[in-house]
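Notes follow the structure.
Numbering (my numbering), first residue to last: -13 to 570.
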């Protein structure tokens, strides 16, 4: 990200020091500087519009709660960015203009929207018991561009009031009075902001909606109340991610079956012209002041790069590049309901059948994309065919596909992963006698459900930061995850006892027969430590084979050495339990 009025001053997050930290670079001088040196790591940072300061969010112990700090671009003493806000909370978005800062902060008591003017203490202008986040926090949006209008007079917030955390509405407030300036919400439909017009006084907000099942972009003139849908007939999700400086065009990102492309959309002629051809997973796409486009892209076989639309690598990483990986193959098969399912698989050189790992994505409302994942490549190096299924519940395939998992957790997701496994076996490329199920977060939940409900399929399983006891873990969740779980389950766990009886992994732990490896974060606020250990203790009580690796932060590590160590633990476990692997 760069300062709106200082585009040659950039902030980026990277692992050049071995831990994810915030760095800055001056494009004119080429000087780079590591800003933060926090042991947990920093993954959220931004520039002030004038480029004089850099701000970042510090998560003190890995549970993802903390506060915003700031220091001069050239260096200096870090100071809290905002006063008048909770000293510790969950970051639900920050946006800055020349004179206004807006922040959404969650605590266990409430979600609140704060506004500060000209450095004064922040004032709370709205709060809710339902989850809220600043505009630009949703899928496909560019962080911080959808929060404040260019002149700072309006602030957009995504909220779950009237619906839920999965189907959010969009509300705009006057930052001076706190009055509601506009509201767009439809029950069962997600509507999220992506980016405001860059011209001060122009109160048009780009947003996306699901009225046509797939995500489609629109523009809302908050001042007049007018809405304009962009004319797009192509398949897949489409997002407005930025505006050209003269407002004549908007930048549209298209996502179809886990791969992206970028387009310019002329608002006068409605012409949409493709500006990138390289397939892969895109993020961070922005329009520069000179009209060029920068974006981050990776593929299954190649690490992420930051490119311009001319093909130049504009912010090359320091250090040696990652070795090339094996390419992902797009994959279609049919589930037991007769529905087409999409995903990816990747395998070693040569011919199968290979030992197979069904690698399950988290979320569950997330997806596998054609992106570089060193963990996946390490399994391929060890000899695995890795299957990655975008099961019912995944995003990227329409609202209906995503919402199928609501009230059916541990049902349709398991069914689709098993159908993918069976398809790979039928193709003759997967060996069913050497089969592993693995995943992180929701992928860990699916792993434990598989090990209990479909024990006959699996040689072993790896459950990273998993949900092991849904009911026990709910009260220890972060406020955002509590709201999400209520939407996903159809209520709190104690309000859906029949669902919990069959879909809580710990209720099937006594049927687990194959070895399981657990990787658990001690300060995890998404899949809390206590509930994961309750499942482990259930296996231990009956001497069921298992291993546990604990690490000191939360829902994952930002430390490269720790990541590498965890991967070695996982590979050693697999080498011990799966025949015919390659030592890597």
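Idealized CB from N, CA, C, for every residue including glycine.
query: Would you decide whether residue 573 is buried or exposed? Buried here means 16 or more other CB atoms lie within 10 Å of its CB.; result: Because the chain is modelled from -13 through 570, residue 573 falls outside the range shown and cannot be assessed.
query: Find the nearest neighbour of residue 509 within the set 542, 49 and 26, judged by alpha-carbon distance.; result: 49
query: Please report the residue range of the beta strand (DSSP E) in which residue 537 lies.; result: 532 to 537
query: Would you mind working out which of 418, 336, 407 and 328 sits nearest residue 379, comparing C-alpha positions?; result: 328
query: Is residue 272 buried or exposed, if buried means 16 or more other CB atoms sit within 10 Å of its CB?; result: buried
query: In chain order, what residues of the same chain lie with their CB nearer than 6 Å to the CB of residue 532, ignoring the 5 residues before and after it?; result: 502 and 525
query: What are the start and end residues of each continuous beta strand (DSSP E) run of 3 or more residues lying completely inside the region 269 to 340, in chain order?; result: 279 to 285, 288 to 294, 315 to 320 and 326 to 332
query: Taking residue 67 as the reference, which of 105, 98 and 528 has the closest Cα?; result: 105
query: Can you tell me the Cα-Cα spacing of residue 15 and residue -5, whole angstroms?; result: 10 Å
query: Below 8 Å, can you find three or more Cβ-Cβ pairs linking the region 239 to 247 to the region 354 to 366?; result: yes
query: Any idea what DSSP makes of residue 374, helix, strand or coil?; result: strand
query: Contact between the region 441 to 455 and the region 491 to 498 is defined here as three or more beta-carbon pairs at a separation below 8 Å; is this criterion met?; result: yes
query: Given a threshold of 16 other Cβ atoms within 10 Å of its Cβ, counted over all protein chains shown, does residue 475 qualify as buried or as exposed?; result: buried
query: On the three-state DSSP scale, how would you describe residue 249?; result: strand
query: Measuring straight from C-alpha to C-alpha, what distance separates residue 582 and residue 352?; result: Any answer about residue 582 is impossible in this case: the structure gives the chain only from -13 up to 570.
query: In angstroms with no decimal places, state the Cα-to-Cα distance between residue 388 and residue 89.; result: 29 Å
query: Can you find at least 3 beta carbon pairs, one from the region 160 to 169 and one from the region 368 to 385, that sit closer than 8 Å?; result: no
query: Can you check whether the CB of residue 118 is closer than 8 Å to the CB of residue 97?; result: yes
query: Provide the residue span of the beta strand (DSSP E) that contains residue 448, from first to last.; result: 446 to 450
query: Among the candidates -10, 323, 18 and -9, whose CA atom is the shortest distance from the CA of residue 302?; result: 18
query: Roughly how far, in whole angstroms, is the beta-carbon of residue 131 from the beta-carbon of residue 228, given that I think they are within contact range, below 8 Å?; result: 7 Å
query: Across which residues does DSSP place residue 597 in a beta bridge pair?; result: Residue 597 lies beyond the range of the chain shown here (-13 to 570); nothing can be said about it.
query: Could you tell me whether the Cβ atoms of residue 342 and residue 370 are closer together than 8 Å?; result: yes
query: Taking only runs of the beta strand (DSSP E) that begin and end inside the region 164 to 237, which ones reach a length of at least 3 residues, in chain order?; result: 166 to 170, 177 to 182, 190 to 198, 200 to 207, 212 to 215 and 223 to 229
query: Looking at the strands, I want to know which residues DSSP matches up with residue 102.; result: 87
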